[in-house]
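Residue 179 is where the sequence shown ends in the numbering used here, and the numbering goes up by one at each step. Even for Gly, the Cβ is constructed at its ideal location relative to N, Cα and C.
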Amino acid sequence: MGKPIIATRVGGIPEAIEDGQSGILVGPSSVEIAEKIIYLLKNEREADMMGGNARKIAIDRFTWERSASKLLEIYGLNSPGL
């Protein structure tokens with residue numbers, strides 16, 4: 098079982114978290130973070146759904162193989178014959 102994520106909309110975080118699907122994105126206000134924690138604690142079914150989605154996304158997107166492939170692509174080393 099995965100866990101839903103509550104994170105701020107900074108840097109690359111919005112690219113990794115689908116707001117409302119695998120977690121909740123908030124502004125950098127600690128009050129908003131606290132509100133969303135309370136929301137997920139009161140809405141266990143939604144938290145479980147987001148957690149399951151977060152786990153699925155992590156398994157699909159963030160494997161060693163996929164990370165290595167992306168790095169090879171960035172450096173132009175994934176061409177056939179290299």
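Using 8 Å as the threshold, is the segment 144–158 in touch with the segment 114–121, meaning 3 or more CB pairs across them?
yes
What are the start and end residues of the alpha helix (DSSP H) that includes Val123?
Not the alpha helix (DSSP H): Val123 falls in the beta strand (DSSP E), residues 120–123.
Using beta-carbon positions only, say whether Ala144 and Pro111 come within less than 8 Å of one another.
no
What whole-angstrom Cβ distance do Ile103 and Ile121 have, given they're in contact under 8 Å?
5 Å
Nonlocal neighbours in the same chain, by C-beta distance under 8 Å from Lys141, ignoring five residues either side:
In the sequence on display, residue 141 carries Glu and not Lys. Contacts found: none.
Taking C-alpha atoms, which residue in Thr160, Ser126, Ser119, Asn175 lies nearest to Met146?
Ser119
Determine the contact status of Val123 and Lys139, defining contact as a CB-CB distance below 8 Å.
no
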